[in-house]
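Reading through the structure tokens given below for one structure.
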Amino acid sequence: MAATVVNPTRMELTRLKKKRLTAIRGHKLLKDKRDELMRQYLDLVRENMELRKTVEAGILSANKNFVIAKAGMSEAALNTALMAPKQEVNLSVGEKNVMSVDIPTFDYQTRTADENDIYSYGFAFTSSDLDGAVKSLADILPQMLKLAETEKACQLMASEIEKTRRRVNALEHVIIPDAETNIKYITMKLGENERSSQVRLMKVKDMMLEKEHHYSEKQFQ
Amino acid sequence: MYKIAVMGDYDSIYGFATLGLSIVPVTDPEEAKEKLHQLASGKYGIIYMTEALAAELRHEIERYKQQVTPAIILIPGVSGNTGEAVENVKKTVEQAVGADILFAQST
């Protein structure tokens, strides 16, 4: 309902009509945006869930392997073995624009080209369980990066969808009905003013003619 | 060039060091908070964090949710999976759709 007072003028009417048209156009566009975002989001979030399950299972099994490896070696030996990492991961972050949402894309390079070059220790003083543990963790890394990408995208898109949905609802249920009530009010008011001035003119004309010709006196003769 | 960090208790994360990720072992939540802000303002694109630690830093993590980087991703620690991360995914669905229509039956 229109709580604000509007000036019943022609200028205001034109302004409101323009506003209403823009609002309708915006509403349609935002609605399309919301639908498309939602479609993409649902695909993405399904993928996210799948990835998360595989990654969690992978990390859990890797952790198990590490515990076993730790049990078979002295703590000092383990710490020495892992003290100086051989490998280094460089991450390049790009940005992708999906329906006006900026989502990051992660791309990584390892310092050495050989993927298996991950063992930062000599094999003589460590248990073979450690090799397996490190390998199982290395295998899960590409999926972890993919997970980071999709999960972040999901978070960003979810908040964008929420925002868009609010806007669509505000336009649909507040702005457009408001504008329509106001337009109706002004049209009515203008029509009323016009009729009232017409009646006034007719009355004045009657009075002027009466003054000139004295109709009412003649009527009774 | 960005880097990747892993935060959590030492036992859960030391393996990641071999892969070339930077490990940040923390035990105290206050210290973790500080470290997190340091990492986030530094050159870290992804921060993996154990669920146990994330549970104590929920408020801080919320701050970085709307930013493109860093992406803070929860991983299970050595003590097991709390299901917090899966819960978070469900929460985003709820936020986007209004109700959890995808994974509601799997709980």
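In order, the protein sequence lines correspond to chains E and V. Going by our numbering, the first residue of the first sequence is number 707, and it counts up by one from there. Going by our numbering, the first residue of the second sequence is number 30, and it counts up by one from there. Glycine included, each C-beta is placed from N, C-alpha and C at the ideal position. Nothing here was measured: the structure is a model prediction, and the numbers come from that model.
Can you confirm whether residue i, when its beta carbon is compared against all beta carbons of chain E, has any partner nearer than 8 Å?
i         : result
Ala84(V)  : no
Thr47(V)  : yes
Pro105(V) : yes
Met36(V)  : no
Thr98(V)  : yes
Arg78(V)  : The question names Arg, but residue 78(V) in the sequence shown is Met. Cβ-Cβ to chain E under 8 Å: no for Met78(V).
Ser70(V)  : no
Leu131(V) : yes
Give a yes or no on whether 8 Å exceeds the smallest Cβ distance from residue i to chain V.
i         : result
Asp845(E) : no
Thr760(E) : no
Ser798(E) : yes
Val804(E) : no
Thr893(E) : no
Asp808(E) : yes
Ala839(E) : yes
Gln861(E) : yes
Met755(E) : yes
Val773(E) : yes
Pro883(E) : no
Pro791(E) : yes
Thr816(E) : yes
Val795(E) : yes
By the 10 Å Cβ neighbour count, where 16 or more other Cβ atoms means buried, how is residue i classified, buried or exposed?
i         : result
Gln95(V)  : exposed
Val711(E) : exposed
Arg871(E) : buried
Tyr39(V)  : exposed
Asn769(E) : buried
Asn740(E) : Sequence check: residue 740(E) is Arg here, not Asn. It counts as buried.
Gly71(V)  : exposed
Val118(V) : buried
Ile52(V)  : buried
Gly897(E) : exposed
Ile130(V) : exposed
Ala128(V) : exposed
Ile33(V)  : buried
Val807(E) : buried
Glu801(E) : exposed
Lys869(E) : exposed
Leu847(E) : buried
Asp813(E) : exposed
Lys880(E) : According to the sequence provided, residue 880(E) is Val. The question's Lys does not apply to it. Counting Cβ neighbours within 10 Å, Val880(E) comes out exposed, since fewer than 16 surround it.
Thr136(V) : No answer about Thr136(V) holds up, because its pLDDT of 49 lies below 50 and its placement is not dependable.
Asn875(E) : exposed
Ala859(E) : buried
Which residues does DSSP pair with residue i in a beta bridge?
i         : result
Leu797(E) : Tyr814(E) and Tyr31(V)
Lys739(E) : Per DSSP, none; premise fails for Lys739(E).
Gly37(V)  : Pro54(V)
For residue i, decide whether its Cβ has a neighbour in chain B, counting only Cβ atoms nearer than 8 Å.
i         : result
Pro848(E) : Protein chains E and V are contained in the structure displayed, whereas chain B is not.
Report task. Check whether the region 749-759 of chain E touches the region 843-855 of chain E, counting contact only when three or more Cβ pairs, one atom from each stretch, lie closer than 8 Å. Result -> yes
Query raised in the report: In chain order, which continuous runs of the alpha helix (DSSP H) of length 4 or greater are located wholly inside the region 51-133 of chain V?
Result: Here the runs fully enclosed are 58-70, 80-85, 87-93 and 113-126.
Query raised in the report: Between the region 58-65 of chain V and the region 75-94 of chain V, do three or more beta carbon pairs fall short of 8 Å?
Result: yes
Query raised in the report: Taking only runs of the beta strand (DSSP E) that begin and end inside the region 755-810 of chain E, which ones reach a length of at least 3 residues, in chain order?
Result: 795-804
Query - At least three beta-carbon pairs within less than 8 Å, the region 830-839 of chain E to the region 772-779 of chain E - result: yes
Query raised in the report: Can at least three beta-carbon pairs, one atom from the region 900-911 of chain E and one from the region 726-733 of chain E, be found at a separation below 8 Å?
Result: no
Query raised in the report: Just checking, does the region 739-753 of chain E make contact with the region 913-927 of chain E on the three C-beta pairs under 8 Å criterion?
Result: no
**Report entry** Whole beta strand (DSSP E) elements within the region 828-886 of chain E, 3-residue minimum
**Finding:** none
Requested in this report: Evaluate contact between the region 108-125 of chain V and the region 74-83 of chain V, counting only Cβ atoms and requiring at least three cross-stretch pairs below 8 Å.
Outcome: yes
Query raised in the report: At a cut of 8 Å, does the region 41-52 of chain V reach the region 776-792 of chain E through at least three beta carbon pairs?
Result: yes
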